[in-house]
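Asks: Handing you this structure, nothing more for now.
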Amino acid sequence: MSAETFGSPGSEAGSGGQSRSADTTPPCQEGWKVWHSDAGRLWATRTRPFRPDEERAGAYRTVDADTDEQLAALITEQERRAESVQ
Numbered sequence: 001m002s003a004e005t006f007g008s009p010g011s012e013a014g015s016g017g018q019s020r021s022a023d024t025t026p027p028c029q030e031g032w033k034v035w036h037s038d039a040g041r042l043w044a045t046r047t048r049p050f051r052p053d054e055e056r057a058g059a060y061r062t063v064d065a066d067t068d069e070q071l072a073a074l075i076t077e078q079e080r081r082a083e084s085v086q
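Okay, so the sequence shown: first residue is 1 according to the UniProt record's numbering, each after it adds one.
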C-alpha cells in the first residue's frame, strides 16, 4: 500500500492500489479539491492554505494516494495535524 504527501521527504511512488477508470468520480471532502492525475493517482489539495504554524506541525496542503480510502485517511491526518496546533 502506498500513500504520499506532496513534498514529504523519503516518499516514493508505488502501486498495490485498486485500478481506476477515467470516468470514476474521486471522493470529495469539504475544503479539499480532488482529482485524478494522468498516471491514475488520486490527488487532493486544500482550498485554503494551512497557517505557517500548522505547516511546521506537518500539515501538508497537497497529498496523493492510490485509493479513495488512502486519500481520505491522508486528508484526515493533515486536518488532525493542523488541529493539534490550536
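Even for Gly, the Cβ is constructed at its ideal location relative to N, Cα and C.
1) Rounded to the nearest angstrom, what separates W32 and A44 at their Cα positions?
2) Whole angstroms is fine: what's the gap from G58's alpha carbon to Q78's?
3) So who's on the other strand from V34, going by DSSP bridges?
4) Measure the alpha-carbon distance for D68 versus D38 and round it to whole angstroms.
5) Assuming A72 and Q29 are in contact, meaning their beta carbons sit under 8 Å apart, how far apart are those beta carbons, in whole angstroms?
6) Whose CA, out of R48, D64, E83, lies closest to the CA of G40?
7) Look at the alpha carbon of D66 and the alpha carbon of R80, and state the distance between them as a whole number of angstroms.
Replies: If we stick to the structure as given:
1) 6 Å
2) 8 Å
3) A44
4) 16 Å
5) 7 Å
6) D64
7) 21 Å
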